[in-house]
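Take a look at the structure below.
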Amino acid sequence: MEEDAIRYVRADDGLHIAYQVRGDGPIDLLEIGGFGALFPLDAADEQPRWRRFEDRLRRFARVIKFDLRGIGYSDQLPHTPTVQEWAADVRRVVDEVGAQKVHVLASSFGGFAAIEFAATHPERVASLVLANCAARFTVAPDYPVGMDFGQNAELSRGVDPTLSSEDTVDDIDFMAPSIAGDADVRRWWTRTAARGAGPATAQAMWEISAVADVRDRLPLLDV
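My numbering numbers the first residue of the sequence shown as 157 and each following residue consecutively.
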């Protein structure tokens, strides 16, 4: 397989899911969400600090990355996806690259897909690392520690290009405050997010994050 090539696998419903394989280490490492679930799979290539991180991963692993349906190079969404569809896409990518067992590194709402996949296909998961993830993001009667729906809605407005900056929350200030003051990173963040998802898709992803709940899968995890 050509290094750096972006390839495609058909999902169970026929959508094309973009993926990329880099490195030839002794273990298979699957990234879900990368540097933000709305960023395309090659987002790190344009940002030195994250590129160094990716380079280090490839020293010891075959790194498998893919774009969630609707994001980046994958086909656009015919409907709002489900966590189960995301997990099914994970399985198709893992099968396509010939990985028997993967170490999963997930971030943001890529964690929903990672948890669902690990719970339903435990024999395919060697380890599970969840960074900035949650089994549920928003509050519920039995989950008072979640983000309130008003805050989630406020953040989702940040992807609406028709609104002025005064009417939105800057997501980099919220998600990555330690680097939000770096002008180069801020430009990269804005440009890469726009390349990863259009406004309608980004809004749909925020809506999913507001209602997704895989807490019932947690007792099934065995990694």
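Cβ atoms here follow ideal geometry from the backbone N, Cα and C, with glycine treated the same way. Because the structure is a prediction, the values reported are computed rather than measured.
Mark residue i as exposed unless 16 or more other C-beta atoms lie within 10 angstroms of its C-beta, in which case mark it buried.
i: GLU279; result: exposed
i: ASP323; result: Residue placement at ASP323 cannot be trusted, given a pLDDT of 43 that sits under 50; what the coordinates show is reported in the next sentence. Under this definition ASP323 is an exposed residue.
i: SER320; result: Here SER320 scores only 46 on pLDDT, less than 50, and its place in the model should not be relied on; the value that follows carries that caveat. SER320 is exposed by the Cβ-count criterion.
i: SER334; result: exposed
i: VAL219; result: buried
i: THR238; result: exposed
i: GLY267; result: buried
i: ASP169; result: exposed
i: PHE305; result: exposed
Could you name the residues that DSSP lists as bridge partners for residue i?
i: GLU363; result: Answer by DSSP bridge pairing: none, since GLU363 is not bridged.
i: GLN176; result: ILE162 and LYS221
i: ARG371; result: Bridge partners of ARG371: none, in fact.
i: ARG214; result: Answer is none; ARG214 lacks a bridge partner.
i: MET303; result: THR294
Have a look at the options and flag the residue whose alpha-carbon is nearest the alpha-carbon of residue i.
i: ALA199; options: GLN176, LEU185, GLY181 and PRO375; result: GLN176
i: LEU197; options: ARG208, ASP338 and PHE222; result: PHE222
i: GLU135; options: TRP345, ASP231, VAL301 and TRP242; result: It is not possible to answer for residue 135, since the shown part of the chain is limited to 157 through 379.
i: PRO375; options: PRO333, ALA296, ASP304 and ALA291; result: ALA291
i: GLN276; options: TYR299, ASP245 and ALA167; result: It should be noted that the sequence gives Thr, not Gln, for residue 276. Of TYR299, ASP245 and ALA167, the residue nearest in Cα terms is ASP245.
i: ASP378; options: ARG166, ALA270, TRP345 and ARG212; result: ALA270
i: PHE330; options: ASP231, GLN307 and LEU224; result: GLN307
i: MET361; options: ASP201, LEU186 and LEU224; result: LEU224
i: ALA350; options: LEU171, ALA167 and ILE227; result: ILE227
i: ALA217; options: ALA353, ILE183 and THR236; result: ILE183
Quick check on the DSSP output: the beta strand (DSSP E) that includes residue i runs from which residue to which?
i: ILE188; result: 183-188
i: VAL295; result: Note, VAL295: premise wrong, no beta strand (DSSP E); not H, not E.
i: SER263; result: 258-263
9 angstroms is my cut-off, CB to CB: does residue i come that close to chain C?
i: TRP242; result: Going by chain labels, chain C is absent from the structure shown, which holds only one protein chain.
At which residues does the alpha helix (DSSP H) containing residue i begin and terminate?
i: VAL253; result: It is not in any alpha helix (DSSP H) - VAL253 carries neither H nor E in the DSSP assignment.
i: ALA282; result: Per DSSP, ALA282 belongs to no alpha helix (DSSP H); it is in the beta strand (DSSP E), 281-287.
i: ALA350; result: 339-352
i: ASP269; result: Here residue 269 is Ala; the residue named in the question, Asp, does not match the sequence. Taken as a continuous stretch (DSSP letters only), the alpha helix (DSSP H) holding ALA269 covers 266-276.
i: ASP168; result: From DSSP, ASP168 is part of no alpha helix (DSSP H); its letter is neither H nor E.
i: PHE195; result: It is not in any alpha helix (DSSP H) - PHE195 carries neither H nor E in the DSSP assignment.
i: ILE328; result: 327-331
Stretch pair the stretch 251-261 + the stretch 272-287: three plus CB contacts closer than 8 angstroms: Taking one beta carbon from each stretch, the stretch 251-261 and the stretch 272-287 have 3 or more pairs nearer than 8 angstroms; the two touch.
The stretch 347-365 in contact with the stretch 206-213 per 3-pair CB rule at 8 angstroms: Taking a contact to require three or more Cβ pairs closer than 8 angstroms, the stretch 347-365 and the stretch 206-213 do not qualify as touching.
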